[in-house]
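Have a look at the structure below before the remarks.
Residue numbers (my numbering): 148 to 284.
Spelled out as structure tokens, the structure:
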């Protein structure tokens, strides 16, 4: 069952219509993504990232949408840009690790998970991932 209310999407859509340059494209695209409306999410986030190429939240949302669409290369490209703009963005590093795992690249995934642990030493999921990946290499 989706956690996103239709009224929330309508509110975001209305805000974006009033101001096409608004950064509300990111939560709108995320809401579409969570509801499984991936083509709407792609369209919304792609336009938004073109307007706001340095908006880390938009890049991370773009990466999630591309990951969900199976376009892992595009997801990784956006995440590399996001982490270069905001090196302390834990979510971007976490997603980077997940995309590398999906690409069957454990060495790079391990590096990304270690960065998550550096930023948040209490991350249980990153601790488990690092242990598992280190035992494989």
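Don't be surprised by glycine CBs; every beta carbon is placed ideally from N, CA and C.
Can the beta-carbon of residue i be found closer than 9 Å to that of residue j?
{"i": "residue 209", "j": "residue 234", "result": "no"}
{"i": "residue 239", "j": "residue 207", "result": "yes"}
{"i": "residue 183", "j": "residue 192", "result": "no"}
{"i": "residue 249", "j": "residue 263", "result": "no"}
{"i": "residue 242", "j": "residue 256", "result": "no"}
{"i": "residue 237", "j": "residue 267", "result": "yes"}
Mapping the DSSP letters down to three states, classify residue i as helix, strand or coil.
{"i": "residue 183", "result": "coil"}
{"i": "residue 174", "result": "helix"}
{"i": "residue 188", "result": "helix"}
{"i": "residue 234", "result": "coil"}
{"i": "residue 215", "result": "helix"}
Quick check: the Cα distance between residue i and residue j, rounded to an integer number of angstroms?
{"i": "residue 152", "j": "residue 163", "result": "17 Å"}
{"i": "residue 201", "j": "residue 232", "result": "7 Å"}
{"i": "residue 271", "j": "residue 230", "result": "21 Å"}
{"i": "residue 166", "j": "residue 280", "result": "45 Å"}
Report, in whole angstroms, the separation of the C-beta atoms of residue i and residue j, which I expect to be a contact under 8 Å.
{"i": "residue 188", "j": "residue 180", "result": "4 Å"}
Checklist line | Ranges of the alpha helix (DSSP H) found wholly within the region 246-277, counting only runs of at least 4 | finding: With a minimum length of 4 residues, the continuous alpha helix (DSSP H) runs that stay inside the region 246-277 are 253-266.
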